[in-house]
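Colleague: One structure, pasted below without further comment.
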Amino acid sequence: MSDVPRDRRYTESHEWIEMLADGTARIGITDHAQEAMGELVFVDLPEAGRTVKRGESLAVVESVKAASDIYAPMDGEIVETNGRLTASPELVNSAPFGDGWILRLRPARKGDADQLLDAAAYQRTLES
Amino acid sequence: MPFSPHTDEEIRSMLAAIGVAGIDDLFDEIPAKLRVRSLDAVPEQVSEMEISRIMHERAARDGQPLCFIGAGAYEHHIPAAIWEIATRGEYYSAYTPYQAEASQGTLQLIYEFQTMMCGLTGLDVSNASLYEGASALAEAVLMAVRAHRKSRSRRVLVAGAVNPRYVQVARTIASAQGITIETLPFDPERGTALMDALERNSGQDVTALVVQQPNYFGQLEDVDALADWAHANSALLIGVANPTSLALLRPPGDWGVQGADIACGEGQPLGVPLASGGPYFGFLTCREALMRQMPGRIVGRTVDLNNRPGFTLTLQAREQHIRRSKATSNICTNQGLMVTGATIYLSLLGPEGLARVAASSHARTNDLVAALTAIPGVRLRFDGPRFHEAVLTLDRPVRGLLEGLAARNILGGHELSAEYPDLGNALLVCATETKSSHDIGNYAAALRELMAGGRH
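In the order they appear, the protein sequences are chains E and Z.
Following my numbering, the numbering of the first sequence begins with 1 at its first residue and continues without gaps.
Following my numbering, the numbering of the second sequence begins with 1001 at its first residue and continues without gaps.
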């Protein structure tokens, strides 16, 4: 059973979104997602400063057997990417909810995160 | 393995399993008006005996002319051993196998090929080959645009005389992705890229610069200055190279201060016979930092569970069988058999043999230029160093002379008037190591006679 922290929001495509005090959203992939991907060998990070629409591909995580897109959970602007993943993509496997975060997004509208799944709802998508 | 088509019974049972009445129903998705009901224009089949006779008769019509045409495909001597070995049962396949790791020998051969191409181009990573030189340039352009995220313009500049067919193919493939490819003018005296034309683009957002060495006219570019201009303007540098010439010339990886980012080109000169447009093969190499943007197949060396060395397809995760429409490229195969021939060619010649082929081709072309420009009405168009091709300007239209030469069993060169009308009556000629002094003398004598006999 994979871990689903209660302090953040989720998408059906297995991204997590943590709203920070400065109003930006930290985004990563869930424990379930990293486990399904297998050992990550590369994270293709975007340029900070890019504006994105909800549903647009933000980044690509690549394992030995697959490459998957990470989708923007909301409109916004990419403000920072996790540079440590360039040298250590395996952080996504070892700490998907912590040091393995992927990027920070400044949402275009306040409150968009509230529309996303909460931990319980995400948990149900994994069980169904 | 024998090829076993499905029996009617098997087809019926498969259709029943998916609940479809007939095979035609599987194509319902394709609008009826786009479907071809009959193939009237295609003639009936003929027997092996008949087709063999037709092909022999047609081949005989080509004769065995003395060929002085280059312009992208080159006649080099191909030692008999190469295709004798390449067509052995162990090698004779057009494809990398689908269950690739079951064919360690094939993978090792591709790995050796990649190592040789990295060595020749002076770059870190090679793929298993592409279709031919023109689409290799197209893939290099797409790769540069994907890799260079900071550049928003999707604007690629072409320095002077790059093979116009390569540029056309690259434009056809890349334009659908909003990429523009602009060709800059060349120096009318030297036939090489005009630095002034580049300088006018300094400070602009340029994604990549394409440089060909030797260029389409056979002239040698100042690749250091071009590479340094590209990097000073935050553009990636794509070097198009003739692999034979790389035995003598500095590899793209050593151009300028930083070296080219991507190299590509036509592999045909490496042991692949001239044919009407192919099959040939393209090569593509790059710096390690761009590795993940490299399209196509790449073979890597690794160890198995028992620590024994072995070969495997690597960086597969971005290919279309996994990524579908989001794959790095639509290229999903390589020219396996041509690459087999080229790898055997390179391994039999070795670095010294390839350098001798290159040096001899260079010397023969100089002899050819000297012999032809001694004829009144023929002059050399461009100054400066060249590899194994040269542009000549004639005092009358080229076509009639080429026809006269062809009647004497000589293919006199490639006419440039359609591609470069400003050059006037221009002819691109090439002599490789396959042309003897006697051959060159025959060409010169025939041209002298035709020009003396004809009117201006």
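Glycine included, each C-beta is placed from N, C-alpha and C at the ideal position.
Just so we're clear, the structure is a prediction, and the values are computed from it rather than from any experiment.
(1) Quick check: the stretch 1356-1372 of chain Z against the stretch 1431-1444 of chain Z, are at least 3 beta-carbon pairs closer than 8 angstroms?
(2) Got a sec? Which residues, its chain only, sit under 8 angstroms from leucine 1447 of chain Z by beta carbon, not counting five neighbours each side?
(3) What does arginine 1324 of chain Z reach in chain E if we use C-beta pairs closer than 7 angstroms?
(4) Just how far apart, CA to CA, sit histidine 1456 of chain Z and lysine 1033 of chain Z?
(5) Determine the burial state of asparagine 1306 of chain Z: buried for a count of at least 16 other Cβ atoms within 10 Å of its Cβ, exposed for fewer.
(6) Can the beta-carbon of alanine 66 of chain E be found less than 8 angstroms from the beta-carbon of methionine 19 of chain E?
(7) According to the Cβ coordinates, are glutamine 1212 of chain Z and valine 1240 of chain Z closer than 8 angstroms?
(8) If we call anything under 8 angstroms between Cβ atoms a contact, is proline 96 of chain E one with isoleucine 27 of chain E?
(9) Quick test of your reading: leucine 1354 of chain Z and alanine 1247 of chain Z, contact by CB under 8 angstroms. State the CB separation rounded to the nearest angstrom.
(10) Compare the C-alpha of alanine 1136 of chain Z against each of Z:Arg1149, Z:Gly1267, Z:Gly1019 and name the closest.
(11) Once the 5 residues before and after methionine 1001 of chain Z are set aside, which same chain residues still bring their CB inside 8 angstroms of it?
(12) Going by alpha carbons, who is nearest to isoleucine 1262 of chain Z out of Z:Asp1124, Z:Asp1422, Z:Arg1035, Z:Leu1220?
(13) Valine 1036 of chain Z: buried (16+ other C-beta within 10 angstroms of its C-beta) or exposed?
(14) For the pair the stretch 1285-1305 of chain Z and the stretch 1105-1112 of chain Z, tell me if three or more CB-CB distances fall below 8 angstroms.
(15) Count the other CB atoms, across all protein chains shown, that sit within 10 Å of the CB of leucine 1237 of chain Z; report buried if there are 16 or more and exposed otherwise.
(16) Would you say arginine 1301 of chain Z faces chain E, with C-beta separation under 8 angstroms as the test?
(17) Using C-beta distances below 7 angstroms, list every residue in its chain close to methionine 41 of chain E, excluding the 5 sequence neighbours before and after it, in chain order.
(18) Looking only at DSSP bridge pairs, what is methionine 1116 of chain Z linked to?
(19) Using the rule of at least 16 other Cβ atoms within 10 Å of the residue's Cβ for burial, across every protein chain shown, is histidine 32 of chain E buried or exposed?
(20) In chain order, what are the residue ranges of uninterrupted alpha helix (DSSP H) at least 4 long that sit wholly in the stretch 1176-1255 of chain Z?
(21) Listing by chain order, which chain E residues have their CB less than 8 angstroms from the CB of arginine 1318 of chain Z?
(22) Kindly list the residues whose CB is nearer than 6 angstroms to the CB of tyrosine 1092 of chain Z, restricted to its own chain and excluding five residues on each side of it in sequence; keep chain order.
(23) Quick one: residues in its chain with C-beta nearer than 6 angstroms to the C-beta of aspartate 114 of chain E, no 5 flanking neighbours on either side, listed in chain order?
(24) Does chain Z have any CB closer than 8 angstroms to the CB of phenylalanine 42 of chain E?
(25) Residues in the stretch 32-59 of chain E with C-beta within 9 angstroms of chain Z's C-beta atoms, listed in sequence order?
(26) What would DSSP say about isoleucine 1298 of chain Z, mapped onto helix, strand or coil?
Modeller: A quick look at the data gives this:
(1) Yes, the stretch 1431-1444 of chain Z is in contact with the stretch 1356-1372 of chain Z.
(2) Leu1372, Ile1375, Val1378, Leu1401, Leu1405, Gly1412
(3) Contact annotation for arginine 1324 of chain Z against chain E: no contact, minimum CB-CB distance about 11 angstroms [criterion: below 7 angstroms].
(4) Note that histidine 1456 of chain Z scores 47 on pLDDT, short of 50, meaning its location in the model is unreliable and no value can be drawn from it.
(5) exposed
(6) no
(7) yes
(8) no
(9) 4 angstroms
(10) Of the candidates Z:Arg1149, Z:Gly1267, Z:Gly1019, the residue whose Cα lies closest to the Cα of alanine 1136 of chain Z is Z:Gly1267.
(11) The pLDDT assigned to methionine 1001 of chain Z is 45, lower than 50, so where the model puts this residue is not dependable; a value taken from the coordinates is nonetheless given after this. Residues of the same chain with their beta carbon placed closer than 8 angstroms to that of methionine 1001 of chain Z are lacking, with the five preceding and five following residues left out of the count.
(12) Z:Asp1124
(13) exposed
(14) yes
(15) buried
(16) no
(17) Here residue 41 of chain E is valine; the residue named in the question, methionine, does not match the sequence. The answer, listed in chain order, is Glu62, Ser63, Val64, Pro89.
(18) DSSP, once it has assigned bridges, lists no residue as partnering methionine 1116 of chain Z.
(19) Around the C-beta of histidine 32 of chain E, 16 or more other C-beta atoms lie within 10 Å, and the residue is accordingly described as buried.
(20) Taking 4 residues as the minimum length, the alpha helix (DSSP H) runs contained wholly in the stretch 1176-1255 of chain Z are 1195-1199, 1223-1232, in order along the chain.
(21) Glu62, Ala67
(22) Result list for tyrosine 1092 of chain Z: empty, nothing under 6 angstroms.
(23) none
(24) yes
(25) Residues Val41, Phe42, Asp44, Pro46, Glu47, Arg50, Ser57.
(26) It is a strand residue.
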